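Peer 1: I'd like to ask some things about the structure below.
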Amino acid sequence: MNRPILQVRNLCIDFVLEDRTIEAVKGASFELAAGETLAIVGESGSGKSVTALALTRLLPVPPAEIKEGEILFDGESVMTMDAARLRKLRGGKIAYIFQEPSTSLNPVYPVRSQIGEAIRLHRRDVTDVDAEIVRWLEAVGIVDPAARMHDYPHQLSGGMQQRVMIAMALACQPDVLVADEPTTALDVTIQAQIMELLGSLKERFGMAVILITHNFGIVSGFASRVLVMYRGRIVEQGPTEEILRHPQHAYTRALIECIPQLGSKEKRLETIDHAAIEVA
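In terms of this note's numbering, the sequence shown is residues -9 to 270.
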């Protein structure tokens, strides 16, 4: 295993509201090696995205509050970084792809402006920004990138919008790419294309990837290691094939059983029995 580029130790995150406090993440600890692909799996509300946003301190404060824990990027504490250092970390070292490209892209600016801004902020060495934009649009499979970079987001399909988001993230040449439910808003065929694209780009550029998903079905063949979150806690983690073959926690087993199987005679997928999991 390569050196750890990212280390999270006993991370505890609360959301402090007027009438109550929600414990969103409870003592999460994990590492990400350089070049590794890690999947964080769990239902909506399990703490996956909150954990991912905490890596670069993107959570809104308030109401979010990191109560305890440590986050290290390449040995440096993220918790003590000043604003200037955080700006370099966000995008330049750790980049994000979110699940709704139509809301992540600014509707009033063309693709050229949005990718160009990221390049100018994080790669001052680039002299021909337009050529670099074309290069990355081509890398993510956009046909005729020199023409399409002048398009506005509404002129692109959902799959093309997500490819633009991937190009924008990779144009900053990050060490870690966080893909937060990158296929949720896309149809099944496009989902497969985006996952294949992410896998090929990861191999080509050697970056580490964190895949946030609720779907175990897209994890196999993509991630080398899996971390399962349930109600704010990491309940199981290990090599992907080992988790899929021999899940130890009841919640992990329930998630795996939710994967639709071709040829299955079952008419409906079973609902996850949370009460039984809590007892287990």
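We treat Cβ as the ideally placed atom computed from N, Cα and C, and that holds for glycine.
Bear in mind the structure is a predicted one, so any value in this text is a computation, not a measurement.
#1: For the candidate residues E247, V15, A74, whose alpha-carbon lies nearest to that of V225?
#2: What do you get for L259, buried or exposed, if any count of 16 or more other CB atoms within 10 angstroms of its CB means buried?
#3: Could you say which of T46, S34, A157, S36 lies nearest to R102 if we only look at CA atoms?
#4: As a quick exercise: from I12, I132, G106, pick the residue whose alpha carbon is nearest that of A121.
#5: Closer than 7 Å by C-beta to Q(-3): which residues in its own chain qualify, once you throw out the five before and the five after it? Chain order, please.
#6: Assess contact between the region 64 to 72 and the region 137 to 146, defined as three or more Cβ pairs (one per stretch) separated by less than 8 Å. Is contact present?
#7: Could you work out which residue in T230, R223, L245, F206 is closest to S214 when comparing CA atoms only?
#8: With C-beta atoms as the reference, is A108 less than 8 Å away from G131?
#9: How would you write the range of the alpha helix (DSSP H) that D120 sits in, first residue to last?
#10: When burial is assigned at 16 or more other CB atoms within 10 Å of the CB, is P164 buried or exposed?
#11: Return helix, strand or coil for G207, following the three-state DSSP convention.
#12: With H, G and I counted as helix, E and B as strand and the rest as coil, what does DSSP make of P143?
#13: Would you call E193 buried or exposed, if buried means 16 or more other Cβ atoms sit within 10 Å of its Cβ?
#14: If the criterion is Cβ atoms closer than 8 Å, does the pair I233 and K38 meet it?
#15: Within this structure, are the beta carbons of M219 and S36 separated by less than 8 Å?
#16: Evaluate Q238 with the Cβ neighbour count: other Cβ atoms within 10 Å of its Cβ, from every protein chain shown; 16 or more gives buried, anything less gives exposed.
#17: Helix, strand or coil, according to DSSP, for L191 in the structure here?
#18: For E247 and G222, I'd like the C-alpha separation in whole angstroms.
#19: Could you tell me if Y86 is buried or exposed, where buried requires 16 or more neighbouring beta carbons within 10 angstroms of its beta carbon?
#20: Helix, strand or coil, according to DSSP, for R221 in the structure here?
#21: Inspect the beta-carbon positions of E55 and D115 and report whether they are closer than 8 Å.
Peer 2: Result, derived from the coordinates:
#1: When each option's Cα is compared against that of V225, the closest is V15.
#2: Model confidence at L259 stands at a pLDDT of 49, short of 50, so the residue's coordinates are unreliable and nothing is read from them.
#3: The shortest C-alpha separation from R102 is found at A157.
#4: Looking from the CA of A121, the closest CA among I12, I132, G106 belongs to G106.
#5: Close CB contacts of Q(-3) within its chain, under the 7 Å cut and outside five residues either way in sequence, are with E21, L62 (chain order).
#6: With the rule of 3 Cβ pairs closer than 8 Å, the region 64 to 72 does not count as touching the region 137 to 146.
#7: S214 has its Cα closest to that of T230, out of T230, R223, L245, F206.
#8: One thing to note: A108 has its Cβ no nearer than 8 Å to the Cβ of G131.
#9: Looking at the DSSP string, the run of the alpha helix (DSSP H) that includes D120 is 119 to 129.
#10: Classification for P164: buried.
#11: In this structure, G207 counts as helix in the three-state DSSP scheme.
#12: Of the three classes helix, strand and coil, the one that applies to P143 here is helix, per DSSP.
#13: When all chains shown are included, E193 counts as exposed.
#14: Cβ atoms of I233 and K38: not closer than 8 Å.
#15: S36 sits close to M219, with the two beta carbons spaced by under 8 Å.
#16: When all chains shown are included, Q238 counts as exposed.
#17: Helix.
#18: Each residue's Cα considered, the two are about 21 Å apart.
#19: Per the 10 Å Cβ criterion, buried.
#20: DSSP places R221 in coil when its eight states are reduced to three.
#21: By the CB criterion at 8 Å, E55 and D115 fall outside the cutoff.
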